[in-house]
Every structure is written in structure tokens, then in C-alpha cells.
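Going left to right, the sequence shown walks through residues -19 to -1, 1 to 233 as mature numbering (1 follows the signal peptide of the UniProt record, and there is no 0) numbers them. Idealized CB from N, CA, C, for every residue including glycine. These numbers come from a predicted model, not from an experiment. See structure below.
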Amino acid sequence: MKLSSLKQLFVVFSVVLLAACSSSINPQTGVRDDPLEGFNRAMWKVNYDYLDPYVLKPVAKGWKDYVPSPVKTGLVNVANNLDEPVSFINRLLEGEGKKAMVHFNRFWINTVFGLGGLIDWASLDEDLRLNNGQRGLGESLGANGVPAGAYIMMPAYGATTPRQGVGSAVEAGYSVLTYVGTTPWSIAKYVVQGIDTRSKLLEQEALLTQAQDPYVTFREAYFQNLEFKVKDGNVEPSQQEQLSEEELKNID
């Protein structure tokens, strides 16, 4: 099957699957539709008032303040390197062969010469640097016109949408760790990435603590971040007024 046919089948299936979900801006009110707002706010309270201040934030502060930088960098590099094959496949599904090869080359270079990914040698080449991180299937779907769907706040996991959730579930089928059957390592990978991301947000907490409605502020930042990722950072300046490019890269 040609890549173009596979891409079309991929998009059609996804559109049918997610067509019923919506979280768009209402043109009459200018407010984002949030059909699950009651549930979402309840889960937001669990996450924001309990899990984060008593579990996630202390761990993130310990990671930032006490783990040596070389150790943090090495662990994050290994975790991110394991995402390169997934990003390679997702870029192919978009028909982005050149960008797919960036992920392919990064994976073999860092795996072979970087001690399994501990050292990010590939980024020494400007053409192999990732300015916008790894490519998730959810972003690939979005690039092909699939809507994000309704906003969902999950306990502990955080914010997601049907498109992102489906993308993550499908990705598990072609993840490197899935084929080698190492569940503990899969958990360790996501824990390292999650803690590192949370630690990078410590200095940006004022965005929420000073907000009139932290739930809405976070929700809009989440969708702004999704758009930033889907468009590879190529968004209009007016669309980035709330958060800087660096802040957008760190929000999940």
C-alpha cells in the first residue's frame, strides 16, 4: 500500500472515531465548549489541591534541587531516546519523510554512540536537533485535520483529549519497550519524563496561583500547547500571547 493511501485510511478512521467529540471555541460567546466541565473540575481539585502539592511538587523539587545535573540529563536523554522510533513512525504517517529521518538518525546515533541514549550526540548536528520535541500520534492526527475532541481531566494523569488518548493507546502497539516486554522500564521512562516536566514548571506556577480561575487558565494553556505541537511551533504571534515558546514546550 502506498504511503498516501495509508495516510488517507489513517485520517478517515480517526475522523470517524472522534467526530462526536468537541471542545471548540463557541463563536457566539467566545468561550471554549467544555461538555465534561463538572467532572473535569472535580478531578482538577483532586490533582491541583491534593496530588500535586503533597506528591508531585515535592518530588519535582527534590529532582530539581538534589539530583545532579548530569544524572538528570542522562536519564531524560535515555527516556526521550526511546520515543524516537515512535516519532519516526508518526512522521511517516503524516507523509513527512524528511522529518521522520531526523528521528531515525537520532535514534541510531544516540543508541550506538551515546551509550543507549545517555548522551545526545545527535543534537551536535544542527539538522538533527529537535526544536519541538518528540512527535506523538495525537499531534500527527491533529496535523491531518482530526479535531482534539472534548477536554478531559484525569486523576493523577492530568489533561488529555480523545485524540491524544487514542494516540497514546495506539502508540503502545509500536513502542520499543512494548516489543522487548519490559513493563517496569516503561513505567520508569514515564516517571522520569513526568517528574522532569513538572520540575520545569515550578517557576511558572504564578500563572496559576494568580489566575482568577486556575482551571480555565490551565485548560486554555493545554489547548494552546496542543496547537503549538501540532503546527511544529508555527503559530501566529497573537496565539502565543499567554505563554512563551519555552513555557508551551513544558506544559502537558
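Scanning Leu96, Gly126, Ile90 for the CA closest to the CA of Ser104 turns up Ile90.
C-alpha of Leu183 to C-alpha of Asp30: approximately 15 Å in a straight line. Here the alpha carbons of Leu158 and Gly114 stand approximately 19 Å from one another.
Our two residues, Phe85 and Asp194, have alpha carbons roughly 42 Å apart in a direct line. Inter-residue distance for Arg116 and Asn71 is about 7 Å (C-alpha atoms, whole angstroms). Short of 6 Å from the beta carbon of Arg179, and not among the five residues preceding or following it, lie these beta carbons of its own chain, in chain order: Leu37, Ala41.
Ala169 and Trp44 have their C-alpha atoms spaced approximately 14 Å apart.
Annotated three-state conformation of Gly214 is coil, per DSSP. Beta-carbon to beta-carbon, Lys210 and Glu120 are separated by about 5 Å, close enough to satisfy the 8 Å threshold. The C-beta distance from Gly98 to Val59 rounds to 4 Å, short enough to meet the 8 Å contact threshold.
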